[in-house]
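> Have a look at this one.
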Amino acid sequence: MKNIVFAIFAGIVVFAIHSCAPERQPHEWVYEKFVSDLDSLILMNDAFLKRVKSKPASATLRQDFLKLRIQFKKTEAFAEYFFPTTVRMINGAPLDEIEDEENAVFEPGGLQVIEELIFTDEPVDQEELVRHTRKMQVNVKRIKMLWVDIRITDSHVMDALRLEMFRLISLGISGFDTPASGNALAESEVVLQSFQHYTQFYKSKLPAYVALDSITNGAIAFLKQNKDFNAFDRAAFISDHINPLCRSLYKNQELAAIPFMNSHKLLKGNVATIFDKNAFDPEALLSDSKFSATADRIALGKSLFYDSRISGDGKTNCGSCHQPEKAYADGLKTSKGFDSKFVSRNAPSIMYASLQQALFYDLRAPSLEDQAADVIHNKLEMHGSMDEVAKLVATDADYRRDFKKAYPELDSIRPVYIQNAMATFVRSLNPFNSPFDKFMRGDKKALTGDQVAGFNVFMGKAKCGTCHFVPLFNGTVPPDYQRTESEVLGVTVNAQWKNPVLDKDPGRGVHDQFPQWKNAFKTSSVRNISKTAPYMHNGAFATLQEVMEFYNEGGGAGLGLDVPNQTLAPDKLNLTENEIASVISFMEALTDAPE
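So for the sequence shown, the UniProt record's numbering puts the first residue at 1; every next one is plus one.
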């Protein structure tokens, strides 16, 4: 009897304790769910290592590997969000990681390297496969160790899930991290299912959760019905499913009064989709807020941009090579510089130049301010002096007035502020008003059927979207846009495919003596590309048709040239004439309307 009484009393105490305990918050459930998914990934990685050591049949090995990738995708949103450096060693591109400041080269590792070892017609390199699987094992367990010290909030959860959707449409469905297996669509389905699992913890907190869940179900169903990578309608998937999903997530977060993250990155933390008109902040890379744009600074910078007095001979200005009617390019194979002599490189458009982490084809300038000074001082380009430009502004009455309006707090005119004014003008050149932008914001008539088809080929079979990332279509890597990539393409001196000759410009190799960067050039934006012919750093290709043919051949290596460090896959794309024409039609739809 005493035992029964004690048991009842104990039960009452336990009930009272649980009744008094605070209700678990959604982000706490998210925290535990991630731990569970990560533990499963660790166990699967351990099991995969054992499988690899047993030397199974190729089909079995591939099947087990794809399961491992699927499990990683369940953890991707938060692993990428909190541990991007470690994740590069788990699912980074299979290319050497170069840290020029440290003068060090780190070999790639993780799933994409393992995939290349497994999905090949060559015999599997057993030793390398075991080594890379062990390395991945170490890095996955490192995330588990680091996660213990992470404290997340609802804002973190919403931001990580938002970025995961942006990663899905910019990298996932393009096959960016599944080039050999081609399993992108199956993995995309898992990403959405994981998104749904995490958002379910917010069922009671998000006022319009039911609508969000319904949209997510629709997106998953769309993927289930479309299994063919090349035929997948990415335009419909993004515009009809993921964009509405992201808008719903944004609206729910707003209604739930969950603060948006303010991360001061190129992609703003408080936008619904990456296609929003003002989704990107061109001032995110400023070293100091005192250099922020004002209308007066833009006006001053524009005046200087077109003033030939800033050059050494008084005959050249920035507008000589960057003409508005040509999307701020010049239409020449290589540009005319000082004394009307041609320089060695083609003038790129400076539109959207502020939305990349470094400037020039060889990425030698870390900011637009540095770029302005570099061009003016360059003896082959303008052969001028920033000090002389400052003197010009100080002695010209109109400029003195305009400078005082632009920088009223300053008592003297210094070159750094001249550079800033010119850079501020360039930062204003991000209209985002092309037919493609309008389509992604809901105007389904903005693109023709052929242009929609071209976008799908661009992002799929042609693999353009794996280097020219949507929506900037340059080499600034989504979804955090923290680094801008360069590529080795094996560019030729002309469009003669039968007798190709490799262009000798060393690109980044001029300034950075890493063999991986020999002949490497910044991945420029293809926005407004219909206005910026000829193409490539050397102006070698006169038309977009020639550009597409070059890529279709697999770049220089695909043409049979010796380009051992080429980052572009040398395999033929096997695009048909119609597919090439549709991609060109799509790229023409990236032309901004006059403002």
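Even glycine gets a Cβ: it sits at the ideal position worked out from N, Cα and C.
From the DSSP output, which residues share a beta bridge with T492?
L502
> Tell me the rounded alpha-carbon separation between T153 and D159.
10 Å
> Which residues does DSSP pair with F486 in a beta bridge?
A small correction: the amino acid at residue 486 is Ser; Phe does not occupy that position in the sequence shown. S486 pairs with K522.
> Assuming K302 and F432 form a contact by the criterion Cβ under 8 Å, report the distance between their Cβ atoms to the nearest whole angstrom.
Going by Cβ atoms, the distance from K302 to F432 rounds to 20 Å, so no, they are not a contact pair.
> Return yes when the Cβ of V191 is within less than 8 Å of the Cβ of I310, no when it is not.
Contact flag unset, no.
> If you draw a straight line from the alpha carbon of R131 to that of K463, how long is it in whole angstroms?
29 Å
> Taking the alpha carbon of L41 as the reference point, which residue from L66, S58, E381, Q193 has its own alpha carbon closest?
L66
> Quick check: the Cα distance between N317 and T492, rounded to an integer number of angstroms?
30 Å
> Distance check for S335 and M386, CA to CA, integer angstroms please.
The straight-line gap from Cα to Cα measures roughly 21 Å.
> For the candidate residues M351, G312, V343, N346, whose alpha-carbon lies nearest to that of E325?
M351
> Starting from A99, follow the beta strand (DSSP E) in both directions and report where the run begins and ends.
The displayed chain sequence assigns Glu, not Ala, to residue 99. Unbroken beta strand (DSSP E) run through E99: 97-99.
> For the beta strand (DSSP E) containing A104, list its first residue and its last residue.
Start and end: 104-106.
> For F275 and L266, I'd like the C-alpha separation in whole angstroms.
13 Å
> On the three-state DSSP scale, how would you describe G475?
coil
> In whole angstroms, what separates the C-alpha of F360 from that of N346?
11 Å
> Tell me, to the nearest whole angstrom, how far the beta carbon of I173 is from that of F119; I am working on the premise that it is less than 8 Å.
The pair is not a contact, with the Cβ atoms about 19 Å apart (cut-off 8 Å).
> Identify whether G175 lies in helix, strand or coil by the three-state DSSP scheme.
coil
> Under the assumption that L245 contacts S367 (Cβ atoms under 8 Å), give the Cβ distance between them as a whole number of angstroms.
With 8 Å as the limit, L245 and S367 do not qualify as a contact, their Cβ atoms being about 35 Å apart.
> With DSSP run on the structure shown, which of helix, strand or coil describes L267?
strand
> In chain order, what residues of the same chain have a beta carbon less than 7 Å from the beta carbon of G314, not counting five sequence neighbours either side?
Counting only Cβ-Cβ distances below 7 Å, and skipping sequence neighbours, we find S308.
> CB D262 to CB S354, shorter than 8 Å?
Looking at the sequence itself, residue 262 is Asn, so the reference to Asp does not match. No, the pair does not count as a contact, with Cβ atoms beyond the cut-off.
> Would you say Q419 and E369 are within 8 Å of each other, going by their C-beta atoms?
With contacts defined by Cβ atoms closer than 8 Å, Q419 and E369 form a contacting pair.
> In angstroms, rounded to a whole number, what distance separates the CA positions of I220 and E189?
Taking the straight line joining both Cα atoms gives about 6 Å.
> Name the DSSP beta bridge partners of G507, please?
According to DSSP, G507 bridges with A520.
> Is K144 helix, strand or coil by DSSP?
Helix, per DSSP.
> Give me, in chain order, the residues of the same chain whose beta-carbon lies closer than 7 Å to that of D450; leave out the 5 immediate sequence neighbours on both sides.
S582, S585
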